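Below is one structure, written out as structure tokens; the observations come after it.
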Amino acid sequence: MQTLISLTNGLSVVALLAFIILVAMVSKEGQDERAQYMGYKLYSFLFTLLFIGLSLIVFITGWQSIDYVLLRVFITTLMSITIVVGLVYWLIIRRNI
1061 MQTLISLTNG LSVVALLAFI ILVAMVSKEG QDERAQYMGY KLYSFLFTLL
1111 FIGLSLIVFI TGWQSIDYVL LRVFITTLMS ITIVVGLVYW LIIRRNI
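Be aware that the sequence shown starts at 1061, since it is given in the working numbering, and climbs by one per residue.
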């Protein structure tokens, strides 16, 4: 379990760096209609991904009882993966739109 917690902490650091990069890239894009549309697509994608992940966590915890540490690892991993995937998605829509 300690190894899983260490990996989750490392993923959180990567997500923090991805978040800083994502904020800088979104703010650099400007305020025109294209940037607003891209921001809307990014935030709707992130909300959908986060909602699906939280639903999956609720489904798993309703089906099988888990301890607090594992639940914390699940939620931290979900938040971190959402941010990293959001950065990748931003790079994709920035190139395509």
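Where a beta carbon is used, it is the ideal one built from N, C-alpha and C, also for glycine.
In this text the structure is predicted, and so the values were computed from the model without any measurement.
Proximal residues to residue i (C-beta, below 6 angstroms), its chain only, five neighbours per side dropped
{"i": "Ala1095", "result": "Glu1089"}
Best match in the options for proximity to residue i [C-alpha to C-alpha]
{"i": "Thr1136", "options": "Gln1124, Leu1110, Tyr1149, Trp1150", "result": "Leu1110"}
{"i": "Leu1116", "options": "Trp1150, Leu1138, Ile1152", "result": "Leu1138"}
{"i": "Ile1065", "options": "Ile1112, Gly1113, Phe1134", "result": "Phe1134"}
Backbone CA spacing between residue i and residue j [nearest angstrom]
{"i": "Ile1153", "j": "Gln1062", "result": "37 angstroms"}
{"i": "Leu1131", "j": "Ser1087", "result": "33 angstroms"}
{"i": "Asp1092", "j": "Ile1157", "result": "13 angstroms"}
{"i": "Gln1124", "j": "Leu1114", "result": "15 angstroms"}
{"i": "Ala1084", "j": "Ser1140", "result": "18 angstroms"}
Beta-carbon contacts of residue i that lie in its chain and below 7 angstroms, excluding the five residues immediately before and after
{"i": "Leu1106", "result": "Thr1142, Gly1146"}
Inter-stretch contact (C-beta, 8 angstroms, three-pair minimum) for the segment 1069-1079 and the segment 1095-1105: no
The segment 1110-1127 touching the segment 1064-1071, judged by at least three CB pairs closer than 8 angstroms: no
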